[in-house]
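2 protein chains.
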Amino acid sequence: MSDDLRRNMALFPIGIVMKLTDLTARQIRYYEQNDLIQPARTEGKQRLFSFNDVDRLLEIKALIEKGLNIAGIKQVLQMQEPAMEQTEISTTSEEKRKDMSDKELHQLLRQQIMYRDASRHGEGALIRGELSRFFH
Amino acid sequence: MSDDLRRNMALFPIGIVMKLTDLTARQIRYYEQNDLIQPARTEGKQRLFSFNDVDRLLEIKALIEKGLNIAGIKQVLQMQEPAMEQTEISTTSEEKRKDMSDKELHQLLRQQIMYRDASRHGEGALIRGELSRFFH
DNA sequence: CTTTCTGTGTAATATTATCTAACATCTATT
DNA sequence: AATAGATGTTAGATAATATTACACAGAAAG
């Protein structure tokens, strides 16, 4: 079983994720609604989160605290998934990317990141992989 | 945060543990009832399992498949937790241990393990830590 | 061979956790 | 002041889990 697959196993219900990330259920669902995460579902439609999902939520939280809005976060996260196979869903974001040159994109990012200093919420650095170090 | 603490964090509901271990809820609860595991509980009294709990359940399953009964499994697991601080609960098992010399204990184990060959259920080796290698 | 015990299946009922949807609130922007 | 974005809150519905009791098959003991 590949490492990637392991980290993508749907394991946690939302209650656990709330504690792990210190986000509310409302926030988590809102981020899903805005396509920042796509947690798996049980047969009964309850969300199940993977390690990768939790990592991503921690990133989202850090970016929120930096003052980024949903659109900005979407751009940042999208940049971190460079090589991705074509799917119906990813095609949409592909189109959006084509509408914007790299220069424009970077400009947007710089603008949003500088926009609000957010009174320094400690360790603003991206923490992708934080959770996987948290456990082992 | 210590490694030990991380592996003891209560994370999984019983439904996930069922899939991870391929045990039924009935089995898991029965093993708890017989003090083979002590999963944490939510405020609402629902069980929450840690990595260590799941590892232990995998061990229990392997021993069950070898033909051990609950009492035998309890002895084996107890031997694997050699140094443990005194608590009200552990005191009980301490007393039991005092009633039995090492020789007697080993004899019991050999007897039970040899008792039934269980038609070779592949890789009978103990798999403590199996889950932690499964993820990372 | 019958009886007893052990480990597990199953069903009923109660409670907890999560879901969706709607409306409220707060802050920043226009 | 008005609008929009992000989150809080509430209500009602559904899913997941808890507990308990009874059933049952196979092993153990007689």
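These protein sequence lines are chains A and B, in that order. Numbering-wise (UniProt numbering), the first sequence opens with residue 1 and increments by one. Numbering-wise (UniProt numbering), the second sequence opens with residue 1 and increments by one. Each residue gets a CB set at the ideal place from its N, CA and C atoms; glycine is no exception. Predicted model, so just to flag it, every value in this text is computed and none were measured.
As assigned by DSSP and simplified to three states, the class of residue i
i	result
B:A10	coil
A:S2	coil
B:R110	Low confidence applies to B:R110: its pLDDT is 37, below 50, so where it sits in the model is not reliable, and the reading given next is rough at best. Of the three classes helix, strand and coil, the one that applies to B:R110 here is helix, per DSSP.
A:D102	Residue confidence is low: A:D102 scores 38 on pLDDT, short of 50, so the model does not pin down where it sits. Its coordinate-derived value is still stated next. In the structure shown, A:D102 sits in a helix (DSSP, three-state: H, G or I).
B:I89	In this prediction, B:I89 scores a pLDDT of 35, lower than 50, which makes its location untrustworthy; the coordinate-derived value is nonetheless stated afterwards. Helix at B:I89.
Chain B residues whose Cβ lies nearer than 7 angstroms to that of residue i
i	result
A:L11	F12, I16
Member of the options whose CA lies at the smallest distance from the CA of residue i
i	options	result
A:V76	A:D35, A:E43, A:L48, A:G44	A:D35
A:L57	A:L5, A:R6, A:R26	A:R26
A:L20	A:K74, A:L63, A:D53	A:D53
B:E81	B:I37, B:D22, B:I14, B:M18	B:I37
B:R41	A:P39, A:G15, A:L48	A:G15
B:L5	B:F51, B:I28, B:R47	B:F51
B:Q33	B:D22, B:R7, B:R47	B:R47
A:E43	A:Q78, A:M79, A:D3, A:A10	A:A10
B:Y31	B:K61, B:P13, B:S2, B:N8	B:K61
B:I64	B:F12, B:F49, B:Q78, B:L23	B:L23
B:R7	B:F49, B:I28, B:M18	B:F49
B:P13	B:K45, B:S2, B:M1	B:K45
B:D55	B:G67, B:G72, B:P39	B:P39
- prompt: Which runs of the alpha helix (DSSP H) spanning at least 4 residues fall entirely within the UniProt domain "HTH merR-type" (11 to 79) of chain B, listed in chain order?
  reply: If we require 4 residues or more, the alpha helix (DSSP H) runs fully inside the UniProt domain "HTH merR-type" (11 to 79) of chain B come out as 14 to 21, 25 to 33, 51 to 65.
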